[in-house]
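Student:
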Amino acid sequence: MADQSQRHPRPGEHESGKELKLLHFIYEQPDIDEIRGNPQRVLDLIHKFEEKYRFMNVGAAKGKIVTDLIAELKPHTMIELGGYVGYSAILFGDAVRRAGGKRYFSLELNPEYAAIANMLIELAGLRDFVRIIVGRSDKSLHKLFTSGEVKQIELMFLDHYKPAYTTDLMLCEQLGMIVPNVTVLAADNVLRPGNPPYLEYVRSTVEQKREAAKKGPIKSYNKEGIPQRTVQSFLGEDDKPSFEVLGNPNLVYKSTLHQPEGLQVR
Numbered sequence: 088m089a090d091q092s093q094r095h096p097r098p099g100e101h102e103s104g105k106e107l108k109l110l111h112f113i114y115e116q117p118d119i120d121e122i123r124g125n126p127q128r129v130l131d132l133i134h135k136f137e138e139k140y141r142f143m144n145v146g147a148a149k150g151k152i153v154t155d156l157i158a159e160l161k162p163h164t165m166i167e168l169g170g171y172v173g174y175s176a177i178l179f180g181d182a183v184r185r186a187g188g189k190r191y192f193s194l195e196l197n198p199e200y201a202a203i204a205n206m207l208i209e210l211a212g213l214r215d216f217v218r219i220i221v222g223r224s225d226k227s228l229h230k231l232f233t234s235g236e237v238k239q240i241e242l243m244f245l246d247h248y249k250p251a252y253t254t255d256l257m258l259c260e261q262l263g264m265i266v267p268n269v270t271v272l273a274a275d276n277v278l279r280p281g282n283p284p285y286l287e288y289v290r291s292t293v294e295q296k297r298e299a300a301k302k303g304p305i306k307s308y309n310k311e312g313i314p315q316r317t318v319q320s321f322l323g324e325d326d327k328p329s330f331e332v333l334g335n336p337n338l339v340y341k342s343t344l345h346q347p348e349g350l351q352v353r
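According to our numbering, the sequence shown is numbered sequentially starting from 88.
1. So for residue 353, helix, strand or coil by DSSP?
2. Taking the alpha-carbon of residue 341 as reference, which of 152, 180, 269 and 213 has the nearest alpha-carbon?
3. Could you please give the first and the last residue of the uninterrupted alpha helix (DSSP H) stretch that includes residue 293?
4. From which residue to which residue does the alpha helix (DSSP H) around residue 257 run?
5. Check whether the Cβ atoms of residue 250 and residue 302 lie closer than 7 Å to each other.
6. My understanding is that residue 63 touches residue 313, with C-beta atoms under 8 Å, so please give their C-beta distance in whole angstroms.
7. Could you check where the alpha helix (DSSP H) with residue 285 kicks off and where it finishes?
8. DSSP puts residue 57 in a beta bridge; with which residues?
9. When you compare only the Cα positions, how much space is there between residue 92 and residue 248?
10. From residue 262 to residue 296, what distance separates their C-alpha atoms?
11. With a CB to CB cut of under 7 Å and the five nearest residues on each side skipped, what residues in its chain are close to residue 205?
12. For residue 149, count neighbouring C-beta atoms within 10 Å of its own C-beta (all shown protein chains included) and say buried if the count is 16 or more, exposed if not.
13. Flag this pair as yes or no: are the beta carbons of residue 161 and residue 187 separated by less than 7 Å?
14. Tell me whether the beta-carbon of residue 166 lies closer than 7 Å to the beta-carbon of residue 243.
15. Taking the continuous alpha helix (DSSP H) assigned at residue 175, which residues delimit it?
16. Using 8 Å as the cut-off, can you tell me whether the stretch 197-213 makes contact with the stretch 226-235, which would need three or more C-beta pairs spanning the two stretches below that distance?
17. Given residue 172, which residues of its chain have a CB within under 6 Å of its CB, disregarding the five upstream and five downstream residues?
18. Can you give me the C-alpha to C-alpha distance between residue 89 and residue 164, rounded to a whole angstrom?
19. Within the continuous beta strand (DSSP E) that includes residue 193, where are the two ends?
20. Can you list, in chain order, the residues of its chain with a C-beta nearer than 8 Å to that of residue 116? Leave out the 5 residues immediately preceding and following it.
21. DSSP three-state label for residue 227, please.
22. What residues in its chain sit with their C-beta under 6 Å from that of residue 126, if we drop five residues either side in the sequence?
23. Under 8 Å by Cβ, that's how I've got residue 246 and residue 175 pegged, so tell me the actual separation to the nearest angstrom.
24. Within this structure, are the beta carbons of residue 332 and residue 257 separated by less than 7 Å?
25. Could you please give me the residues that DSSP links to residue 106 through a beta bridge?
26. Look up residue 165 in the DSSP assignment and give the residues it is bridged to.
27. With residue 129 as the anchor, note down where its alpha helix (DSSP H) starts and where it stops.
28. Using three-state DSSP, classify residue 204 as helix, strand or coil.
Laid out in structure tokens, this is it:
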């Protein structure tokens, strides 16, 4: 999907405190009682706030690609990797609920962002439908699987730490969560600023992935070709995946590019 040049600050790191300012801006609206339970009103206020502050939200144009996908697929559950302050969880969570879905999981590393997102999600009337899970995306995915809450992925939106796109997908493959003719992935920012390792992986043939698997499990992030501003890990330069992953080289993905608004991978 399209360029979002800012990186997510590390937990505890703030450039301007704009996320907290957003929360105050919305909750200080004089018609706050009319806003409660109305997801679109909350989203509209985020857009209004963005006239002054630049945010990393998926936005209305790119968001429509995913909401159209939700309306088409009607997933029972949806997972997003990278929730930030809750914009996408509100937009997509509301769409999944309207499509007859049962649950929306938003995985966010930064506990401060997660707290803000929870308050906005509650204001939007989605608290009982959207669940925010705080922590590393790979550990959270693993726990969702081992707990039995999510055995297979129907629709997953990737918009978190760019080098983790590939390793998190490979973990899901390894766990058996990626199911042919069931799983659909939507990945943001793979064209601009770019995520060559992810695109290379989902476009690789079975033979190419089998050959790569002979080298053994992946133990670190592949940052090659990813702009420096997007590879600074929240957890420091020595950060690495929580699990060694081999993925499932027998899976083949069908890719569809949407430029500049988004990337859809099937």
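Think of the CB as a built atom: it goes at the ideal place given N, C-alpha and C, for glycine as much as any other residue.
Tutor: In terms of the structure at hand:
1. What you label residue 353 is simply residue 266 of the sequence shown in a count that begins at 1. Because the pLDDT of residue 353 is 45, which lies under 50, any placement of that residue in the model is unreliable, and the question is left without a value.
2. Translated into positions along the sequence shown, residue 341 becomes position 254. Comparing Cα-Cα distances from residue 341 to each of 152, 180, 269 and 213, the minimum goes to 269.
3. Working through the sequence shown from its first residue, we reach residue 293 at position 206. Run containing residue 293: 293-300, per the alpha helix (DSSP H) assignment.
4. Within the sequence shown, numbered from 1, the residue matching residue 257 stands at position 170. Start and end: 251-262.
5. By one-based count along the sequence shown, residue 250 stands at place 163. By one-based count along the sequence shown, residue 302 stands at place 215. Pairing residue 250 with residue 302 gives a Cβ-Cβ distance that is not under 7 Å.
6. What is shown of the chain runs 88 to 353, which leaves residue 63 out entirely.
7. Your numbering for residue 285 matches position 198 in the sequence shown. Looking at the DSSP string, the run of the alpha helix (DSSP H) that includes residue 285 is 283-290.
8. Lying outside 88 to 353, the shown extent of the chain, residue 57 is not represented and no answer is given.
9. Taking the first residue of the sequence shown as position 1, residue 92 is located at position 5. Taking the first residue of the sequence shown as position 1, residue 248 is located at position 161. Summary for residue 92: the model assigns pLDDT 34, below 50, so the residue's position carries little reliability; its value from the coordinates is reported in the next sentence. Looking at the two C-alpha atoms, the distance is approximately 13 Å.
10. For this step, residue 262 is matched to residue 175 along the sequence shown. For this step, residue 296 is matched to residue 209 along the sequence shown. Straight-line Cα distance between these residues: approximately 17 Å.
11. As a working mapping, residue 205 is identified with position 118 in the sequence shown. The residues are 219.
12. By 1-based counting over the sequence shown, the position of residue 149 is 62. By the neighbour-count rule (16 or more Cβ atoms within 10 Å), residue 149 is buried.
13. Position 74 of the sequence shown, counted from the start, is the residue given in the question as residue 161. Position 100 of the sequence shown, counted from the start, is the residue given in the question as residue 187. Yes; because the gap between Cβ atoms is below 7 Å, this pair is in contact.
14. Your numbering for residue 166 matches position 79 in the sequence shown. Your numbering for residue 243 matches position 156 in the sequence shown. Taking C-beta atoms as the reference points, residue 166 and residue 243 count as a pair closer than 7 Å.
15. Reading the sequence shown from its first residue, position 88 is the one you call residue 175. Looking at the DSSP string, the run of the alpha helix (DSSP H) that includes residue 175 is 174-185.
16. no
17. Taking the sequence shown and counting its residues from 1, one reaches residue 172 at position 85. The residues are 106, 200, 203 and 204.
18. For this step, residue 89 is matched to residue 2 along the sequence shown. For this step, residue 164 is matched to residue 77 along the sequence shown. Only weak support is given to the placement of residue 89: the predicted model assigns it a pLDDT of 36, under 50, and the value that follows is read from those uncertain coordinates. So the two alpha carbons sit approximately 25 Å from each other.
19. Against the sequence shown, residue 193 aligns to sequence position 106. Per DSSP, residue 193 belongs to the beta strand (DSSP E) from 190-195.
20. If you number the sequence shown from 1, residue 116 lands on position 29. So the list reads 122 and 132, once near-sequence residues are dropped.
21. Counting from 1 along the sequence shown, the entry for residue 227 is found at position 140. Helix, per DSSP.
22. What you label residue 126 is simply residue 39 of the sequence shown in a count that begins at 1. Cβ within range, chain order: 177, 181 and 211.
23. Stepping through the sequence shown from its first residue, residue 246 is reached at position 159. Stepping through the sequence shown from its first residue, residue 175 is reached at position 88. Yes, residue 246 and residue 175 are in contact; Cβ-Cβ is about 7 Å, under 8 Å.
24. Reading the sequence shown from its first residue, position 245 is the one you call residue 332. Reading the sequence shown from its first residue, position 170 is the one you call residue 257. Yes, these two residues count as a Cβ contact at 7 Å.
25. Position 19 of the sequence shown, counted from the first residue, corresponds to residue 106. According to DSSP, residue 106 bridges with nothing at all.
26. To locate residue 165, count along the sequence shown from 1; it is residue 78. Note: residue 165 sits in a beta bridge opposite 191 and 242.
27. Mapped onto the sequence shown, residue 129 falls at position 42. Run containing residue 129: 126-136, per the alpha helix (DSSP H) assignment.
28. Sequence index remark: in the sequence shown, residue 204 carries index 117 (1-based). Residue state, collapsed to three classes: helix.
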